[in-house]
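Read the structure below first, then the notes.
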Amino acid sequence: MLILALDTTTFCGSVALLENQRLIGEVNLDSPVTFSERLLPVVERRLKFSRCWLEELVVYAVWV
């Protein structure tokens, strides 16, 4: 099962990708650019780097 997890609870958010409960990639964001401006491009790069596609995601976990 492929899970995309997003943490948006603070200014320094994170994006993680898990497969079968194993972390396969994580990006921590700490930038003067607003988190919302960076979130989708970071998700796209993380998926591409891990050779995964949005269509493969089974669960989206978001902390707000």
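Take any residue in the sequence shown, note its place counting from 1, add 2, and you have its number in our numbering. Every residue gets a Cβ at the ideal spot worked out from N, C-alpha and C, and that includes glycine. Quick caveat: nothing in here was measured; it's all calculated off a predicted structure.
Asked                                                                                                                                                                 : Found
Quick check on Leu25: buried or exposed, where buried means 16 or more other Cβ atoms within 10 Å of its Cβ?                                                          : exposed
Please list, in chain order, all residues of the same chain as Ser16 whose beta carbon is under 7 Å from its beta carbon, the five residues on each side excluded.    : Asp9, Glu28, Val29, Asn30, Leu31
For Phe51, collect the residues of the same chain with a Cβ closer than 8 Å to its Cβ; drop the 5 residues on either side in sequence, then sort them by chain order. : Gly27
Give a yes or no on whether the C-beta atoms belonging to Leu4 and Glu57 are separated by under 7 Å.                                                                  : no
Around the Cβ of Leu67, are there at least 16 other Cβ atoms within 10 angstroms (buried) or fewer (exposed)?                                                         : Because the chain is modelled from 3 through 66, residue 67 falls outside the range shown and cannot be assessed.
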